[in-house]
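Working notes, structure below.
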């Protein structure tokens, strides 16, 4: 009935004859509610994420009373993570968080400065033709699947590090961190460049007219004006680094430990989830359940960073009219 | 700037030159990384590429192993992902840009979408596993309900298990925020004078969208869609959580078939110590990158072909 009136509305409209208002309104309402239900799907997705992770994490915290040392407090403050050792299972998430942070810090230390300076070069210095070429090269880098960077870490970066120092094993945090850095470099670069280019030309002209060099203009005028966008791009890139999975699963190793030594192997939160889902843990076992608590922790960390990025953009955006 | 110290002009010019040198060095480093990445993969893998490598199934022996199952699996998963994520994503964008009034609900949907785009893909994998593979624990422990003949194309099994349908739907969740944001930008780029013209002639909102906004924003929507699909085809983490088998020796026959995808196969091979597996991993990467390049080329072509100037 509804669909018939909808098709009738379009055919008669094509002939230019008037359509009864009620039929038009009805089909309009149908379309609108279908589109609204599509947009509500995104909310359903969020609620399922929160509900599934929340309930399963709760199940992990409370569902194993016969095992000592499991609970919310020991989980978030414990410094030992050994879920697969049959006799002495320890569930303190801090070593995994530490591994994630170590990889993220290495990635950020590599990608944020280089990405920002490249963005300044592209936006302020590069001749237009070179800019087009470089931007498409960055687009290529941005489209490379992360598992490829994981392979690159194992096949190129790690052997190169081992040539420099014997301290590096087959799996180490530095190699994984650098690969993650290469992965987030195009994100930093292209988003920071967008922010820099959004600064109006009149500001640059003003600085030049006062005798500023190109360096003065870029660093003392354009950069501060674009700072909110640049910070947002940094946060987005770090969010991606924290959630990155395939690179760390291949190159970072599988030993959860509290260390800030880039030459040692570390396990990240995502790395542990991969280990559980590719290993032979039973679906009702405690180590399987613990992966949901780890995923919930990961979700909270990335959500906090995303919200911070949105807040920075909203709060500190400079409006130029 | 009254308290700014006086800096001699020569020093400022020197700073200018040194900064330019730093810029060039950083940009050069970024380009070098890309070059090393491509060259090293080519050197490792190109001699393993052959018609047999594309046509063969996986094998314990690296010399006989091929990527037939993951390649076909990737095509299946990507198709399912496109058929679900694109209508829902573009529909959401149309609703938000053309229909929604400013209200708490729409504001919430907007913020929610930006948050969803920051969720790590492995978390989507866990949600896909719970929602699509297990239907939130519905009928856990009992046999799945079967609809139709397992041999036929229309066979369905509830819950979906680690089937190609569950994989495609999970990837649709991953790329949905990307599709929505890209389509929103495309729709926003249509000048509002066109909309006002259509409305002034008495068309309804939907007539305006269907005849005017969508056709004029189509090139940008398509470009965003293709880039979202190239993201989907490169994702391994969610598929890994769903439990794709290590060795798949047949291509999917219907939506319930077990499957693997190209990035998963690369992950399996890259993680092995033997050098010959590293080489076939590199060869599979070359195929993967070739598929991605053709996606990008398609996006550029669509942009150029369909783009008409609007005023």
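Protein chains in written order, with the working numbering: chain A, 330 to 650; chain B, 16 to 326. From the three backbone atoms N, C-alpha and C, an ideal C-beta is built for every residue, glycine too.
query	result
Comparing C-alpha positions only, which one of A:576, A:581, A:485 sits nearest to residue 501 of chain A?	A:581
Please list, in chain order, the residues of the stretch 60-82 of chain B that have any C-beta partner in chain A closer than 7 Å.	none
Answer yes or no: do residue 125 of chain B and residue 271 of chain B have a C-beta to C-beta separation smaller than 8 Å?	no
Which residue spans inside the stretch 465-516 of chain A form an unbroken alpha helix (DSSP H) run of at least 4?	475-481, 487-493
For residue 173 of chain B, which residues does DSSP report across the bridge?	B:160
Using 10 angstroms around the beta-carbon of residue 361 of chain B, count the other beta-carbons present and answer buried if the total reaches 16, otherwise exposed.	In the structure displayed, chain B extends from 16 to 326; residue 361 of chain B sits before or after that span and is not available.
Note down, in chain order, every chain A residue with its Cβ under 7 Å from the Cβ of residue 138 of chain B.	378, 624, 627, 628
With 8 Å as the threshold, decide whether the Cβ of residue 293 of chain B is near any Cβ in chain A.	yes
What residues of chain B sit near residue 353 of chain A, judged by a beta carbon separation below 8 Å?	219
Along the stretch 32-46 of chain B, where does the CB come closer than 9 Å to a CB of chain A? Name the residues.	32, 33, 34, 35, 37, 38, 39, 40, 41, 42, 44, 45, 46
Can you confirm whether the stretch 389-406 of chain A touches the stretch 161-172 of chain B when touching is taken to mean that 3 or more C-beta pairs between the two stretches lie within less than 8 Å?	no
Is residue 340 of chain A helix, strand or coil by DSSP?	Residue placement at residue 340 of chain A is poorly supported in this model, since its pLDDT is 49, which falls under 50; the coordinates are not used for a value here.
Expressed to the nearest angstrom, what Euclidean distance is found between the alpha-carbon atoms of residue 431 of chain A and residue 252 of chain B?	21 Å
Sorted by chain position, which residues of the same chain lie with C-beta nearer than 8 Å to residue 83 of chain B's C-beta, five sequence neighbours on each side aside?	69, 70, 71, 72, 266
In chain A, what lies closer than 8 Å to residue 303 of chain B by C-beta?	474, 477
Report the residues of the stretch 391-410 of chain A with a CB closer than 8 Å to any CB of chain B, ordered along the chain.	none
Kindly indicate the opening and closing residues of the alpha helix (DSSP H) around residue 71 of chain B.	Taken as a continuous stretch (DSSP letters only), residue 71 of chain B belongs to no alpha helix (DSSP H), as it is neither H nor E.
Does the stretch 563-582 of chain A come within contact of the stretch 475-485 of chain A, defined as at least 3 CB pairs closer than 8 Å?	yes
Using the rule of at least 16 other Cβ atoms within 10 Å of the residue's Cβ for burial, across every protein chain shown, is residue 164 of chain B buried or exposed?	exposed
How big is the Cα-Cα spacing for residue 229 of chain B and residue 627 of chain A?	38 Å
Mapping DSSP to helix, strand and coil, what is residue 393 of chain A?	coil
Enumerate in chain order the residues of its own chain whose CB-to-CB distance from residue 308 of chain B is below 6 Å, with the five nearest sequence positions on each side excluded.	none
Let me confirm a value: residue 59 of chain B is counted as buried when at least 16 other C-beta atoms fall within 10 Å, else exposed. Which label applies?	buried
According to DSSP, is residue 643 of chain A helix, strand or coil?	helix
Starting from the beta carbon of residue 542 of chain A, find every residue of chain B whose beta carbon is closer than 7 Å, and list them in chain order.	27, 28, 31
In the DSSP assignment, find the unbroken alpha helix (DSSP H) run with residue 213 of chain B in it and report its ends.	207-215
Run the CB neighbour count on residue 492 of chain A, radius 10 Å, all protein chains shown included, and call it buried at 16 or more, exposed below.	exposed
Are the C-beta of residue 446 of chain A and some C-beta of chain B separated by less than 8 Å?	yes
Between the alpha carbons of residue 281 of chain B and residue 293 of chain B, how many angstroms are there, rounded?	9 Å
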